[in-house]
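K.L.:
Just so you know, my numbering puts 123 at position 66 of the sequence shown, and the rest follows in order with no gaps. Ideal Cβ placement from N, Cα and C applies to all residues, glycine included.
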Amino acid sequence: PYLPAPRRPCVPPLAPSAAQRFMGTPLAASAAAAVMEAAPALAGAGGHGTVIVCPGGNYEFLSCLEGYPVTEWLARHGLAAAVLRYRLLPSHGLDEALDDLEDAVTLLRRLRPGPVVAMGFSAGG
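See below:
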């Protein structure tokens, strides 16, 4: 009576060499102001819609492994994506981070056709 759930694509674990590539990126630094960093594939991405990736990091930093690697994975599946470097504690609160996301959505709706969705990890979710 129960049908198995369809298989969804899974994000593969990063190889150590790929993980090293993202360490020390600007995501690791505290943001004084919000920055949306587009994946290289965003400008030439076809289709409609864009995914905003919000990395986690305890509201104090942004995990390098939850930003660019995810946008690359989405691009391989034909989805345009950008990483939101939102403002962090202790200089900024949750309200500012949500304002940053709202501003990013507004900007992307002007730049690209189709819906804008956000996905996040831990504090970024």
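#1: Secondary structure at G106, three-state DSSP: helix, strand or coil?
#2: Counting pairs of beta carbons, one from the segment 124–136 and one from the segment 145–158, are three or more of them closer than 8 Å?
#3: Are C111 and L141 closer than 8 Å when you measure CB to CB?
#4: Excluding the 5 residues preceding and the 5 following G182 in the sequence, name in chain order all residues of the same chain whose CB lies nearer than 6 Å to its CB.
#5: Compute the Euclidean distance between the alpha carbons of P126 and V162, then round it to the nearest angstrom.
#6: Once the 5 residues before and after S28 are set aside, which same chain residues still bring their CB inside 6 Å of it?
#7: Tell me C111's beta-bridge partners as DSSP assigns them.
#8: When the Cα of A137 is compared with those of S179, A180, P172 and F178, which residue comes out closest?
#9: According to DSSP, is R169 helix, strand or coil?
#10: Within 10 Å of its beta-carbon, does S179 have 16 or more other beta-carbons around it, so buried, or fewer, so exposed?
#11: Should D157 go down as buried or exposed, given a rule of 16 or more other Cβ atoms within 10 Å for buried?
#12: Within its chain, find whatever has a CB closer than 7 Å to the CB of A154; leave out the 5 residues flanking it on each side and keep chain order.
#13: Only counting the same chain, and skipping five residues up and downstream in sequence, which positions put a Cβ closer than 6 Å to that of G106?
P.N.:
Judging by the given coordinates:
#1: Here residue 106 refers to the residue found at position 49 of the sequence shown. Coil.
#2: The segment 124–136, when compared against the segment 145–158, does not touch it at the 8 Å Cβ threshold.
#3: Taking the first residue of the sequence shown as position 1, residue 111 is located at position 54. Taking the first residue of the sequence shown as position 1, residue 141 is located at position 84. Result yes, Cβ atoms of C111 and L141 sit closer than 8 Å.
#4: Numbered from its first residue, the sequence shown carries residue 182 at position 125. Nothing listed; no residue qualifies.
#5: As a working mapping, residue 126 is identified with position 69 in the sequence shown. As a working mapping, residue 162 is identified with position 105 in the sequence shown. Cα-Cα distance, rounded: 21 Å.
#6: Limits of the chain in this structure are 58 at one end and 182 at the other, which puts residue 28 out of reach.
#7: Sequence index remark: in the sequence shown, residue 111 carries index 54 (1-based). Answer is G177.
#8: Counting from one through the sequence shown, the residue named residue 137 turns up at place 80. A137 has its Cα closest to that of P172, out of S179, A180, P172 and F178.
#9: Against the sequence shown, residue 169 aligns to sequence position 112. It is coil, neither helix nor strand.
#10: The count along the sequence shown starts at 1 and reaches residue 179 at position 122. Exposed, because fewer than 16 other Cβ atoms sit within 10 Å of the Cβ of S179.
#11: By one-based count along the sequence shown, residue 157 stands at place 100. Flag for D157 reads buried.
#12: Reading the sequence shown from its first residue, position 97 is the one you call residue 154. Same-chain partners within the cutoff: Y143 and R144.
#13: What you label residue 106 is simply residue 49 of the sequence shown in a count that begins at 1. Excluding residues within five positions, the ones whose Cβ falls inside 6 Å are G171 and P172.
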